[in-house]
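Encoded as structure tokens, the structure appears first; notes follow it.
Protein chains: 2
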Amino acid sequence: MLKRFVPKIVDAEARRQEVVEAVFRIIASDGLERASLREVADEAGLAVGSVRHYFASSDELLVHSFAVVVDRIAGRLEEAFAVVESLETGSTEHDAAVLTLLGQFLPLDEELAVDACVWMAFRHAARIRPVLEQVAARSHRAVAAVVGRLVMQLMPDGGSVQERLVTEAERLLATLDGLCMHALLQPEWMTAEVCRDVLTAHLDTLVALPSNR
Amino acid sequence: MLKRFVPKIVDAEARRQEVVEAVFRIIASDGLERASLREVADEAGLAVGSVRHYFASSDELLVHSFAVVVDRIAGRLEEAFAVVESLETGSTEHDAAVLTLLGQFLPLDEELAVDACVWMAFRHAARIRPVLEQVAARSHRAVAAVVGRLVMQLMPDGGSVQERLVTEAERLLATLDGLCMHALLQPEWMTAEVCRDVLTAHLDTLVALPSNR
DNA sequence: ATCTTTTTAGCACGAACGTGCTTGAACCGT
DNA sequence: ACGGTTCAAGCACGTTCGTGCTAAAAAGAT
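As they're listed, the protein sequences go chains A and B.
For our numbering, add 15 to where a residue sits in the first sequence, where the first one is 1.
For our numbering, add 15 to where a residue sits in the second sequence, where the first one is 1.
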């Protein structure tokens, strides 16, 4: 069956992306519970029916938005990890690249802050809402994979002991999420400088680990 | 003016506490956004009007619930810290007491899990809702105080360098909150055992810090 | 028994929500 | 010019929410 009549071509994917970014802005400024169809439509400069034309339901819009932010974050991490891999271990550029990688988790600028807000909001919402479960699991796997590879590269022993390696990966992951949380919830206390200090302190403890134990 | 007619005595504080615990159960199982007056009243076995008799508004109910959970957590921390202080530094009982203290943050049993859920939900909601701001700030101060004192006692140098001390306090705080988050959001991955491993690993890095740097 | 106050319960209103459905408007191949 | 398809917009219904308000039930002091 051929498409005989090619109708009005409005780049549908671009429109969807605009709506998604309206969702992001609303979540960042007013929280996930305010991301209703009416609010999103207003923010995107559209009518409710128009948004519903691109997203069958509210759930689909939210799940897709979650997936988009996860892809964005995972993409940044992969990109930054490639830089880390390309540099020689122990060099100052390497250390800087590692800090840059870890900084992708934190709300250090406007764009990162929005993503961090949205990411946190969705992950917490996924605890309750089954529709978000799959994307949340994918998010966790993607981030854990990058952090795991990073720890494997950074640990002195090369990660001989498997158990120790996952513990250190979980430890770095927890510190990152905790830092992100505090930076979002207590921005006065948790400034970018404090974040950097905490991260460098953590990295010191990672490289200078007691080999035995 | 004397109270001539002392009417029906129902200890109001106990009733309020019952309502608050209904709020906790709802937040833990269905999330904060489901903690409406009608849901809370149902959960507490009361009518909406009855709940509204003890709490003037929905906001007051939520703010009070937040304050109660903060007090509960802060109380547990103070109690556990007193035990830590009473033991000799470096002893095995001391180490165990420190782990017990830090475990108060994590959802290691039913009661702790409910509190952790509620605490997280309110703290994140406080980013948006101004009514929760004050209690959130109090919560942060109380917890940071205990963790700060703990770090001061645990660090080898006795915390000579002020700057290093606050960095380590923030680092421990971040790790704790991150662990709590992961234990709530990915309970399959982040088991109690992994939590314990991560915490002991962190404590090792805290005691075995390079003195200079 | 009566009176006063607390306690409990319920109604009604406006606002916001998701969603099924309908109605024009825009657009392109014929 | 026309017809088929997509896009944009809006209405209407049922649900849930907070809240102001009213009113019945409960209980101790008189």
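By construction, the Cβ of each residue, glycine as well, lies at the ideal position given by its N, Cα and C atoms.
Since the model is a prediction, treat every value here as computed from it, not as a measurement.
Per-residue contacts from A:Val206 into chain B (C-beta, under 7 Å): Looking at the sequence shown, residue 206 of chain A is not Val but Thr. Ordered by position in chain B, no residue passes the 7 Å Cβ test against A:Thr206, which lies about 10 Å from the chain.
Contact under 8 Å by Cβ, B:Val85 with B:Ala189: no
Check whether A:Arg138 and B:Leu200 have beta carbons under 8 Å apart: yes
A:Ala157 at chain B interface by Cβ criterion, 8 Å: no
Beta-carbon gap between B:Ala71 and B:Ser65 smaller than 8 Å: Pairing B:Ala71 with B:Ser65 gives a Cβ-Cβ distance that is not under 8 Å.
First through last residue of the alpha helix (DSSP H) which encompasses B:Ala112: Thr107 to Gly118
Boundaries (first-last residue) of the alpha helix (DSSP H) holding B:Glu28: Unbroken alpha helix (DSSP H) run through B:Glu28: Ala27 to Asp45.
Burial state of A:His68, where buried means 16 or more other Cβ atoms lie within 10 Å: exposed
Coil, strand or helix - A:Glu183 by DSSP: helix
Within chain B, partners of A:Ile143 - CB distance below 7 Å: Asp45 and Gly46
Presumed contact (8 Å Cβ cut-off) between B:Val161 and B:Phe96, rounded CB distance: 5 Å
Length of the line joining the Cα atoms of B:Arg211 and B:Leu114: 8 Å
Cα-Cα separation, B:Glu203 to A:Ala152: 11 Å
Cβ pair count under 8 Å reaching 3, the segment 134 to 149 of chain A against the segment 90 to 105 of chain A: Fewer than three beta-carbon pairs drawn from the segment 134 to 149 of chain A and the segment 90 to 105 of chain A are found closer than 8 Å, and the two stretches are therefore not classed as touching.
Under 8 Å between C-beta atoms of B:Leu187 and B:His217: Taking C-beta atoms as the reference points, B:Leu187 and B:His217 count as a pair closer than 8 Å.
Contacts that B:Leu188 makes with chain A (C-beta to C-beta distance below 8 Å): Gly193 and His197
For A:Val129 and A:Ser80, believed in contact at Cβ under 8 Å, the rounded distance: Actually they are not in contact, since the Cβ atoms of A:Ser80 and A:Val129 sit about 12 Å apart, beyond 8 Å.
Neighbourhood of B:Lys18 by C-beta, 8 Å cutoff - its chain only, sequence neighbours within 5 removed: With a pLDDT of 43 at B:Lys18, under the threshold of 50, the modelled position of this residue cannot be trusted; read the value that follows with caution. So the list is empty, once near-sequence residues are dropped.
A:Arg31 versus A:Gln119: straight-line alpha-carbon distance, rounded: 25 Å
Secondary structure of B:Met205, DSSP reduced to three states: coil
A:Leu214 and A:Glu183 closer than 8 Å at C-beta: A:Leu214 places its beta carbon 8 Å or farther from that of A:Glu183.
Any C-beta of chain A under 8 Å from that of B:Leu117: no
Euclidean distance between Cα positions of B:Asp110 and B:Glu58: 41 Å
Below-8 Å beta-carbon distance, A:Glu148 vs any chain B residue: no
Candidates B:Asp192, B:Leu47 and B:His197: closest to B:Asp74 by CA position: The shortest Cα separation from B:Asp74 among B:Asp192, B:Leu47 and B:His197 belongs to B:Leu47.
Cβ neighbours of B:Val21 in the same chain (closer than 8 Å, five flanking residues each side left out): Unreliable placement is indicated for B:Val21, whose pLDDT of 48 sits below 50; no coordinate value is reported for it.
Closer than 9 Å at the beta carbon, the chain A residues around B:Asp110: Neighbours of B:Asp110 on chain A: none; closest Cβ ~14 Å, over 9 Å.
Where B:Val209 meets chain A, residues with beta-carbon distance less than 9 Å: Neighbours of B:Val209 on chain A, chain order: Val181, Thr182 and Glu185.
Simplified DSSP state of B:Asp74, which is helix, strand or coil: Secondary structure of B:Asp74 (DSSP, three-state): helix.
Cβ of A:Leu77 within 8 Å of any chain B Cβ: no
B:Met167 beta carbon near the ligand NAD (any heavy atom closer than 7 Å): The ligand NAD is absent from the structure shown, which contains no ligands of any kind.
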